[in-house]
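Worksheet: one structure, shown below.
Residue numbers (our numbering): 1 to 233.
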């Protein structure tokens, strides 16, 4: 009888221990983790502004920038990855987005004239601003590949590449001119289909039919560049 009681007790203890064992424990670091699909985007209220400035800081694996923010939002940012937590704050008239890794998607209001400073480092950057107005763009975060689609300019609009990049592709609207001033050197350039190799500091390139009196883009290459392509998007 005593043996039967001991056996029953041993079985109960083993069952209790087995039920508490987790073969895939999660780290107990106090951080609440959520699936990426359940992450809420960071948003900034649209307000009544007609002009706005955006500055991206930090780093990301990729940055996708568009102009399809929801009605009522000035901007929206969403990042993938369990540890990626982008944050937004206002510094003067500038909306600063601090990125913290992952693939980041930023959506801007399309009825605002934007000045954009892409200061966050990333492997790839794809910024499609063709559906909004742009007062200027600065590329100073460094990237392997940058693709920039621009809208119709108003007056002379500066585009400055200040940090190194392997490839920079700029899509212009049909009929819009651009002048490129190279101050740091570039491996190659293709402007409206015309190729130039071994571009030294001080080189100036222009699109077909460029006229300084027309609305146009002034592009400065100052950060070291492998290749530049300017075409019609």
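Glycine is no exception: its CB is placed at the ideal position from the N, C-alpha and C atoms.
Residue nearest to residue i in terms of C-alpha spacing, selected from the options
| i | options | result |
| --- | --- | --- |
| residue 201 | 64, 223 and 45 | 223 |
| residue 193 | 208, 78 and 48 | 208 |
| residue 117 | 205, 53 and 233 | 53 |
| residue 149 | 126, 92 and 183 | 126 |
| residue 173 | 179, 151 and 183 | 151 |
| residue 153 | 40, 89, 62 and 216 | 216 |
| residue 147 | 62, 48, 180 and 182 | 62 |
| residue 42 | 212, 189, 98 and 145 | 98 |
| residue 74 | 196, 229, 46 and 128 | 46 |
Distance, residue j Cα to residue i Cα
| i | j | result |
| --- | --- | --- |
| residue 112 | residue 55 | 15 Å |
| residue 185 | residue 218 | 17 Å |
| residue 80 | residue 187 | 34 Å |
| residue 231 | residue 89 | 35 Å |
| residue 40 | residue 91 | 23 Å |
| residue 211 | residue 60 | 38 Å |
| residue 145 | residue 165 | 6 Å |
| residue 198 | residue 128 | 28 Å |
| residue 189 | residue 171 | 14 Å |
| residue 196 | residue 93 | 40 Å |
| residue 82 | residue 69 | 23 Å |
Cutoff 6 Å; reference residue i; Cβ partners in own chain excluding five residues on either side
| i | result |
| --- | --- |
| residue 160 | 138 and 220 |
| residue 105 | 64 and 78 |
| residue 30 | In this predicted model, residue 30 has a pLDDT of only 37, less than 50, meaning its place in the structure is not dependable enough to derive any value. |
| residue 34 | Summary for residue 34: the model assigns pLDDT 30, below 50, so the residue's position carries little reliability, and this model does not support an answer. |
| residue 115 | 53, 135 and 136 |
| residue 181 | 204 and 220 |
| residue 183 | 201 and 222 |
| residue 169 | 147 and 229 |
| residue 206 | 179 |
| residue 51 | 113 |
Local Cβ density within 10 Å of residue i, reported as buried at 16 or more and exposed below that
| i | result |
| --- | --- |
| residue 132 | buried |
| residue 95 | buried |
| residue 67 | buried |
| residue 162 | buried |
| residue 175 | exposed |
| residue 76 | buried |
| residue 107 | buried |
| residue 102 | buried |
| residue 121 | buried |
| residue 191 | buried |
| residue 44 | buried |
| residue 204 | exposed |
Residues near residue i in its chain [Cβ-Cβ closer than 7 Å; skip 5 each side]
| i | result |
| --- | --- |
| residue 71 | none |
| residue 100 | 58, 84, 85 and 86 |
| residue 214 | 177 |
Expected contact under 8 Å - CB spacing of residue i and residue j to nearest Å
| i | j | result |
| --- | --- | --- |
| residue 135 | residue 157 | 7 Å |
| residue 140 | residue 155 | The pair is not a contact, with the Cβ atoms about 23 Å apart (cut-off 8 Å). |
| residue 143 | residue 123 | 7 Å |
| residue 236 | residue 167 | With the chain covering 1 to 233 only, the question about residue 236 has no answer from this structure. |
Sequence-distant residues of its chain with Cβ nearer than 8 Å to residue i (five each side left out)
| i | result |
| --- | --- |
| residue 49 | 74 and 112 |
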